[in-house]
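Residue numbers (my numbering), protein chains in the order written: chain P, 9 to 124; chain U, 216 to 329.
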């Protein structure tokens with residue numbers, strides 16, 4: 009069990025550019041969540057997948073944001089036409105919906121995005 | 216809606232001091248309650264959880280008791296160490312719902328001095 013991994017760990021981009029982040033969940037975990045954390049705040053829910061199906065999106069997820077989990081394993085989060093307000097830490101978490109603790113999520117180290 | 220309120224930080228303590236970080240919540244259903252810890256430069260780690268009223272979660276000397284009557288889940292530790300310096304987040308997810316998404320408080324920065 010290698011835990012949840014995220015790449016890249018840091019991304020600096022210029023306003024208007026597109027960026028893509030990757031999350032690799034714990035193997036056999038069927039749920040995958042994305043959260044955004046801005047400075048001095050707690051993480052806020054963005055979206056989640058069960059297997060390859062995206063089941064819920066927060067109103068925080070504007071149409072410039074898109075997330076995929078094509079084979080039910082890794083996931084990508086893309087931000088198009090980045091804005092300075094997108095600067096944040098993007099966190100991925102995974103969980104196993106079956107079993108004794110479906111409510112327990114395991115987090116990756118996050119991708120810190122800075123938009124100049 | 217659902218929300219979590221944590222005591223404002225930062226909290227600065229000397230080593231071996233007693234720690235309390237207050238957390239209260241509002242929820243539209245019956246929540247599970249969590250404390251997560253974030254060390255500098257790292258992601259969130261689950262510290263402890265409780266899933267029903269009067270349950271006590273505990274881990275690494277930290278404890279928190281699920282108090283339904285006061286809608287609280289305060290974090291305590293009897294003797295803190297320098298290595299406990301981190302940001303602590305209280306969170307909830309609704310049991311019985313299908314998404315289990317977490318709602319977090321704003322976090323409390325703890326600094327422990329030797």
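Don't be surprised by glycine CBs; every beta carbon is placed ideally from N, CA and C.
Query raised in the report: How far does the beta strand (DSSP E) with residue 263 of chain U in it reach, from first residue to last?
Result: That run of the beta strand (DSSP E) goes 259-265.
Query raised in the report: For the 8 Å Cβ check, are there 3 or more pairs between the region 298-307 of chain U and the region 230-246 of chain U?
Result: Yes: at least three Cβ pairs fall under 8 Å.
Query raised in the report: Is residue 252 of chain U near residue 296 of chain U, with beta carbons less than 8 Å apart?
Result: Cβ distance not < 8 Å, so residue 252 of chain U and residue 296 of chain U don't count as in contact.
Query raised in the report: Can you list, in chain order, the residues of its chain whose CB lies under 7 Å from that of residue 242 of chain U, leaving out five sequence neighbours each side?
Result: Within its own chain, the residues whose Cβ lies closer than 7 Å to the Cβ of residue 242 of chain U, once the five positions on either side in sequence are excluded, are 217, 307, 309, listed in chain order.
Query raised in the report: At a Cβ threshold of 8 Å, is residue 287 of chain U touching chain P?
Result: Chain P, which has no Cβ nearer than 8 Å to the Cβ of residue 287 of chain U, makes this no.
Report task. From the DSSP output, in three-state form, read off residue 327 of chain U for me. Result -> In the three-state scheme derived from DSSP, where H, G and I count as helix and E and B as strand, residue 327 of chain U is classed as strand.
Query - Given 8 Å, three or more beta-carbon pairs between the region 317-325 of chain U and the region 34-54 of chain P - result: Taking 8 Å as the limit for Cβ pairs, the verdict is that the region 34-54 of chain P does touch the region 317-325 of chain U.
Requested in this report: Using three-state DSSP, classify residue 221 of chain U as helix, strand or coil.
Outcome: When DSSP states are grouped into helix, strand and coil, residue 221 of chain U belongs to the strand group.
Query raised in the report: If you count every other CB in all the chains shown that lies within 10 Å of the CB of residue 5 of chain P, and 16 or more means buried, which is it?
Result: Because residue 5 of chain P is not part of the residues shown, which for chain P are 9 to 124, the question remains open.
Report task. Please determine, among P/108, P/72, P/120, P/101, the residue with the shortest C-alpha to C-alpha distance to residue 25 of chain P. Result -> The option with the nearest alpha carbon to residue 25 of chain P is P/72.
Query raised in the report: What residue from U/250, U/268, U/275, U/318 has the CA that sits closest to residue 284 of chain U's CA?
Result: Here the closest residue by C-alpha is U/268.
**Report entry** Inter-residue Cα distance where the pair is residue 301 of chain U and residue 230 of chain U
**Finding:** Taking the CA atoms as reference points, residue 301 of chain U sits about 14 Å from residue 230 of chain U.
Requested in this report: Give the interface partners of residue 257 of chain U over in chain P, defined as CB-CB distance under 7 Å, in chain order.
Outcome: Residues of chain P whose Cβ lies closer than 7 Å to the Cβ of residue 257 of chain U are, in chain order, 117.
Requested in this report: Look at the Cβ atom of residue 97 of chain P, then the Cβ atom of residue 118 of chain P, and state whether they are nearer than 8 Å.
Outcome: Cβ atoms of residue 97 of chain P and residue 118 of chain P: closer than 8 Å.
Query raised in the report: Using a C-beta cutoff of 8 Å, does residue 315 of chain U count as contacting chain P?
Result: Interface residue, yes.
Query raised in the report: So which residues of chain U does residue 62 of chain P contact, with C-beta pairs closer than 7 Å?
Result: What residue 62 of chain P touches in chain U: nothing, since even the nearest Cβ is about 12 Å away.
Report task. Report buried or exposed for residue 87 of chain P, applying the criterion of at least 16 other Cβ atoms within 10 angstroms of its Cβ. Result -> Counting C-beta atoms within 10 angstroms of its own C-beta, residue 87 of chain P has 16 or more neighbours from the protein chains shown and is therefore classed as buried.
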